[in-house]
Amino acid sequence: MSDNPFPLSKADLLEAYRKMKTIREFEERIHIEFSRGDIPGFVHLYAGEEAAAAGIMMHLDDRDRIASTHRGHGHCIAKGVDVKDMMAEIYGKANGACRGKGGSMHIADLSKGMMGANGILGAGSPLACGAALAAQKLGHGGIGLSFTGDGASNQGTFLESLNLAAVWNLPMIFVIENNGYAESTAREWGVAVDSYVDRAAGFGLPGITVDGTDFFAVYEAAGEIIKRAREGGGPALLECKMIRFYGHFEGDAQTYRGKGETENNRANHDCLKHFCARVTEAGVLTGAELKVVDDKIATLIDEAVTEAIAAPLPTAADLTTDVYVSY
Amino acid sequence: MSDNPFPLSKADLLEAYRKMKTIREFEERIHIEFSRGDIPGFVHLYAGEEAAAAGIMMHLDDRDRIASTHRGHGHCIAKGVDVKDMMAEIYGKANGACRGKGGSMHIADLSKGMMGANGILGAGSPLACGAALAAQKLGHGGIGLSFTGDGASNQGTFLESLNLAAVWNLPMIFVIENNGYAESTAREWGVAVDSYVDRAAGFGLPGITVDGTDFFAVYEAAGEIIKRAREGGGPALLECKMIRFYGHFEGDAQTYRGKGETENNRANHDCLKHFCARVTEAGVLTGAELKVVDDKIATLIDEAVTEAIAAPLPTAADLTTDVYVSY
Amino acid sequence: MARRLSIKAAINEALDQEMARDPTVIVMGEDIVGGAGAPGEDDAWGGAQGVTKGLFAKHGDRMMDTPLSESAYVGAAIGAATCGLRPVAELMFVDFVGVCFDQIFNQAAKFRYMFGGKAQTPVVIRTMVGAGTRAAAQHSQMLTPIFTHIPGLKVVCPSNAYDTKGLLIQSIRDNDPVIFFEHKALYGLEVDVPEESYTIPFGEANIVREGTDATIVTYGMMVHVAIEAAEMLAKDGIDCEIVDLRTLSPLDMDTIVESVETTGRLICVDEANPRCSIASDICASVCQEAFGALKAAPQMVTAPHTPVPFSGILEDLYIPSAERIAEAVRKTVKSS
Amino acid sequence: MARRLSIKAAINEALDQEMARDPTVIVMGEDIVGGAGAPGEDDAWGGAQGVTKGLFAKHGDRMMDTPLSESAYVGAAIGAATCGLRPVAELMFVDFVGVCFDQIFNQAAKFRYMFGGKAQTPVVIRTMVGAGTRAAAQHSQMLTPIFTHIPGLKVVCPSNAYDTKGLLIQSIRDNDPVIFFEHKALYGLEVDVPEESYTIPFGEANIVREGTDATIVTYGMMVHVAIEAAEMLAKDGIDCEIVDLRTLSPLDMDTIVESVETTGRLICVDEANPRCSIASDICASVCQEAFGALKAAPQMVTAPHTPVPFSGILEDLYIPSAERIAEAVRKTVKSS
Ligand SMILES: Cc1ncc(C[n+]2csc(CCOP(=O)(O)OP(=O)(O)O)c2C)c(N)n1
Ligand SMILES: Cc1ncc(C[n+]2csc(CCOP(=O)(O)OP(=O)(O)O)c2C)c(N)n1
Ligand SMILES: [Mg+2]
Ligand SMILES: [Mg+2]
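Protein chains in written order, with my numbering: chain A, 1 to 327; chain B, 1001 to 1327; chain C, 2001 to 2336; chain D, 3001 to 3336.
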């Protein structure tokens, strides 16, 4: 076996792979279960975008807080939220991550630094600035990080946050997940500027654009700006250009896509395939090693679904609890 | 008398001077009347900033719509709102521009294209985009224009509007009135970026910064971008660096100012003095000609105050009218 | 000629007819056309629920997809309304109002008053409300009381396709800002709807069921739940009158009071949260105006004082049920 | 040791004491220090009304001036509250809430429920309310009903300096999001206030005047107007009890109902607009819970269904007056 040309140890590479593959399997399975009619509500899948979540989250620990979007499963998994708790939540069960009260769009686990998926575009950025502020005031070395879609990058909440983070010099990272679409509308139609680096510059923030389907590119760029933020160097923006494999939400007929667009994406722009090729070609990980991870994940997801289906529903008493800490 | 080196006719120069001087006299008089205790509520004076309003408004007519700020008197006067109606409004009288219901912060006259002063920072920009949209759809060649303070430039409403105007290619001009302060706070403290041209660029808009105390600089820059917008060339941003002679509002002790700051501003950075010097030194207008304008304005303001004081108050019946067009 | 039409189709038809009739009517919202700038189908979505599908083919660039900036485009619709257009802006879910509330409650609602009667703002804001689709706390709210509280807004919430068409056309022609609430759980519901254009005046409630024993006042989806309750109660010989408010502001107090004067019993039903709700608003007004007519304590049936839960079992308990309404009616009947 | 203290001073003292006691308390808002980056005095303003003046000298960078971006900094306060701080964010005027409402009603208010009880958000949002200062339609609103409608928020509106200090300290220590309403017309009002730190629990109304003939329920500035009305009525032999709610959510229904059971008459007074108001909320709840105790139709005295007018003569008519309250009381007394 050759030398490791990557900036991650073998163990870390396996961990990164585990994150990405878990997200992929989780989402592919939900796609199937949703189409069966078993999963209620709005579900937005992260499949295809895994390298961004994993490449960033490899640099974070439980001190660090992230604020996510409506498309939050990938962020949750990469940040360490329990997969079975998530699945139970998506099924609306009493043992779910939010005891069945939140659902796909509101999964949170503050103990893991996951401040919540969010049903409101742009809402996570001010909240993550708050996390960054708390880190700054409490001095624990953590950072705040928010994910924002290309479409949501036009929300005033997000834009105001760029300025706030800049003037307060917060340890804050803004990640733009540019998957080219906001629902059915092309990014170019809703945003007049080509690069989010320019947008960041207009607020006094350094920015960087990377190929978000390339785990290593994300990992490297994120590592640099996260390190700087941690050391008091202030906020930055990271644009990840990426690809959404499924529709906007489950049930989207996607007639706005070009002919063969999805097939081409799956065949040629799959961040997982890309990662596997890189690590095996470099001879750092073997197909067999990856397969071990795959098998564990397959079992985990199977169990998660089976257990979620079998889990108890909330009861009537749960309806009116948890509105306040004290009444 | 020498040739006219200015891009305005003599008549237009006199009109520009009339606008600026009327604003100055209006504001100086309100300052006095307010300190007497005769004027109720919040009053924010535009004195010192006249060249921006006049330099821009010389290019606009009644088709064009402007959305103003809390500091709106100057915009109103420059856009042609009746000075006596304004004064009566500020005194809360039944014959005021808003029949006494609006006051200083809400003066509007849609027939003159003045969509309203506004008590909410940033709120005017979306509204003016709507005016620009109406102009675009109705094809009457008008434009929309909003004024935004340096402080208010951090409001999401303003920032979202930049993008909206860009993607819809609206005939829309964003004017940043950068007077260096937001209330008592220095601009640099609340905005991390030096130039609003950069901020505009981050949304795909061309921008330009001018010395807002120089009428001719404002006139020229505004003329160019307004012409382009009118011709379908799309939106632009104009930053005017300017000086607020008085406090944030009437009653502000201004202890945040530097020693001698106001005296220096009045002595050396007075846009009116600057204008007068330019036009008389060029020999285009004489002191006597300006004096004629001054005298007319002095009489107008005197009458405006006297008549406003004498005017009738609204009556009880007025309290519940004008909530709806139809009930 | 009437045909059976869903609420969704009635909205589409009302918009279509008004756009055809009046060139100043424009429609805007997120993905209300869909597919803009994308390689595939134009008009790919017609809004998140397909409500505006097909209008792009007929009305072209008067159907405007917006960037995801509610403050900017709702504000632009409002501004344009003061400048000669009659925009209909779609706020996909009412739950999103928090990012653009200022433009609605401080700008549109107040222009006419602040400007001394010299402005008019004929804008319509269409928006989805209501629970029942497992969409959880940020996509299921009513929020009707918040808008009804604000002077200067007109607030409409129809319960069927006939009213939807007539009230939406009225909303577009009305010269005041109108918030038009569409209950997402009712979109598919069909009734007879005339092909011709027609308006239903604001401030006229509809008695959807006549009865003598108790008056149920409600609106939106709850009209149907109240009807179910009334049918249950009819078997027990309790005869309910149901008042469908149709517009929450202006409010048709005359019809409500008249009904209560006949029945002597009032049950206010509201899918919104209980505090400062439409239910409490009507209950209080009736108690003040027609106290003498009441034979028993008025009852309010509302959602609990909680956000909307995700899990279906909890959401079903959250939404006022026919059983709860029937129980409230029985309480008023028993206690007098 | 008690001294006479204004509401303004009471707020300042409560913030000071809590910041001294708990290092996780931070205070933020626009110009709450003032003079930041400017050449002159630091701490130049202490907020638009000087309420926080002097706290910067004692607490330094835990007093944070913010850019003019309410969504960003109110949201940051909320986010920080879920991460170990206890931020007190000032929204200068409640009228500005339209630009940051989402962070309050969809985020802070709903976290605990949406996350299944696993989050807590100890944030306080202090904000000025009320009319009377000729500040017109966008700087004079109450909007209390809008916040009271939202489950997950606690809503406080004190009427005097004693309550202000105790309720603000409670608000800071409370683990739920609190909206703390300060009536600008009351800032200067002085009463005896102890120097020591103390809390007043939420959900406990205060009977500020005992009486036997009628119960006036109100809060904020209207408490003082109600007292004036009660004094007028006392001359006619009508003896009013006045309930000062202090917190609008949670609501102390027990105290209200108990009082109405004694007096048999209810007058709800609210400076807010009438529709879906605090007045209608309480009126309706009392009618439902204690109908039998009412000897006469309950009365509501509120602002009219209009924006707040600028001209003093109109604004004075807009604000509920002692005369209007007295008239409403007389109506209930006469009619029974
Ligand atoms: C304030 C707000 N406006 C609109 C929506 C509806 N909505 C949900 S997701 C979405 C598209 C978001 O696109 P983007 O930000 O690019 O994220 P992506 O879905 O591509 O990950 C829209 C319009 C919302 N949830 N919140
Ligand atoms: C949304 C909102 N936030 C805060 C305020 C209070 N306020 C009024 S004027 C002002 C300062 C504005 O500064 P700037 O935008 O620079 O305008 P200037 O006063 O300098 O003309 C503030 C904070 C407001 N009116 N609206
Ligand atoms: Mg996207
Ligand atoms: Mg300024």
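Every residue gets a Cβ at the ideal spot worked out from N, C-alpha and C, and that includes glycine. Keep in mind the model is a prediction, meaning the values are calculated, not measured.
Query	Result
Which chain B residues sit within Cβ distance under 7 Å of Gly3354 of chain D?	Because chain D here runs from 3001 to 3336, residue 3354 of chain D falls outside it and cannot be looked at.
If you follow the beta strand (DSSP E) that Leu2266 of chain C is in, where does it begin and where does it stop?	2266-2270
Whose C-alpha, out of C:Cys2157, C:Arg2173, C:Leu2233, is nearest the C-alpha of Arg2021 of chain C?	C:Arg2173
Sorry if obvious, but does the Cβ on Arg244 of chain A come closer than 8 Å to a heavy atom of ligand 3?	yes
Whose CA, out of C:Ile2256, C:Tyr2198, C:His2183, C:Leu2233, lies closest to the CA of Ala2205 of chain C?	C:Ile2256
Within 9 Å of any Cβ in chain D, is that where the Cβ of Thr1315 of chain B sits?	yes
Compare the beta carbon distance of Arg3086 of chain D and Ile3169 of chain D with 9 Å and say whether it is the shorter of the two.	no
Taking Arg2275 of chain C as the query, report the chain D residues whose CB atoms sit under 7 Å from its CB, ordered along the chain.	Thr3148, His3149, Ser3249, Asp3281
In chain A, which residues lie less than 9 Å from Tyr2338 of chain C when you measure between Cβ atoms?	Residue 2338 of chain C cannot be examined here, being either before or after the span of chain C that is shown, 2001 to 2336.
Report the residue from A:Leu159, A:Pro171, A:Gly149 whose alpha carbon sits nearest the alpha carbon of Gly139 of chain A.	A:Pro171
Mind listing, in chain order, the continuous alpha helix (DSSP H) runs of no fewer than 4 residues lying wholly within the stretch 3002-3043 of chain D?	3007-3021
Under 8 Å from any heavy atom of ligand 4, does the C-beta of Arg230 of chain A make it?	no
Under the criterion of a Cβ to heavy atom distance below 8 Å, does Val3099 of chain D qualify as lining ligand 2?	yes
Along the chain, which unbroken stretches of the alpha helix (DSSP H) at least 4 residues long are found entirely within the stretch 3290-3329 of chain D?	3312-3318
Report yes if the C-beta distance between Val167 of chain A and Pro3067 of chain D is below 9 Å; otherwise report no.	yes
Near Thr22 of chain A, which residues of its chain fall below 8 Å by C-beta distance, leaving aside the five closest residues on each side in sequence?	Ile77, Val83, Ile297, Leu300, Ile301
Grouping DSSP H, G and I as helix and E and B as strand, with all else coil, what is Val2206 of chain C?	The question names Val, but residue 2206 of chain C is Asn in the sequence shown. It is a strand residue.
Of the choices A:Gln136, A:Asp211, A:Ile30, whose alpha-carbon is the least far from that of Ala229 of chain A?	A:Gln136
Three-state secondary structure (DSSP) at Ala1093 of chain B?	Sequence check: residue 1093 of chain B is Lys here, not Ala. Here Lys1093 of chain B sits in coil by DSSP.
Quick one: does Leu2143 of chain C have its CB under 9 Å from some CB of chain A?	no
What are the residues in the stretch 2001-2035 of chain C lying within 8 Å of chain A by C-beta distance?	Glu2030, Asp2031, Gly2034, Gly2035
For ligand 2, I want to know if Leu3245 of chain D counts as a neighbour, meaning its beta carbon is within less than 8 Å of at least one of the ligand's heavy atoms.	no
Taking only the alpha-carbon atoms, compute the straight-line gap between Met3092 of chain D and Gly141 of chain A and give it to the nearest angstrom.	32 Å
Let me have the residue list for ligand 3: C-beta closer than 6 Å to any non-hydrogen atom, ordered along the chain.	A:Gly149, A:Asp150, A:Gly151, A:Asn179, A:Tyr181, A:Ala182
Is there a Cβ from chain C that is less than 9 Å from the Cβ of Met3221 of chain D?	no
Return yes when the C-beta of Glu1250 of chain B is under 8 Å from any heavy atom of ligand 6, and no when it is not.	This structure lacks ligand 6; the ligands present are ligand 1, ligand 2, ligand 3 and ligand 4.
Can you look up Met1 of chain A in the DSSP assignment and give me helix, strand or coil?	Note that Met1 of chain A has pLDDT 48, beneath the 50 cutoff, so the model's placement of it is unreliable and the number below is only indicative. Looking at Met1 of chain A - three-state DSSP - the assignment turns out to be coil, as it is neither helix nor strand.
I want to check one thing, is the minimum distance from the CB of Gln1155 of chain B to the heavy atoms of ligand 2 below 8 Å?	yes
Name, please, each residue of chain A whose Cβ falls closer than 8 Å to the Cβ of Leu2317 of chain C.	Ala316, Leu319
Grouping DSSP H, G and I as helix and E and B as strand, with all else coil, what is His2059 of chain C?	helix
If you run the structure through DSSP and keep just helix, strand and coil, what is Ala1123 of chain B?	coil
Per the DSSP calculation, Ala165 of chain A is bridged to which residue(s)?	Answer is none; Ala165 of chain A lacks a bridge partner.
Give the interface partners of Phe42 of chain A over in chain C, defined as CB-CB distance under 9 Å, in chain order.	Thr2133, Arg2134, Ala2135, Ala2136, His2139
Got a sec, what are the start and stop residues for the beta strand (DSSP E) Asn1178 of chain B sits in?	1172-1178
Mind checking whether the beta-carbon of Arg187 of chain A lies closer than 8 Å to any heavy atom of ligand 1?	yes
Residues in the same chain with beta-carbon distance under 6 Å from Met1001 of chain B, minus the five sequence neighbours each way, listed in chain order, please.	Bear in mind that a pLDDT of 48 at Met1001 of chain B, under 50, signals an unreliable position, so the number given afterwards is only what the model happens to contain. Cβ within range, chain order: Gly1283.
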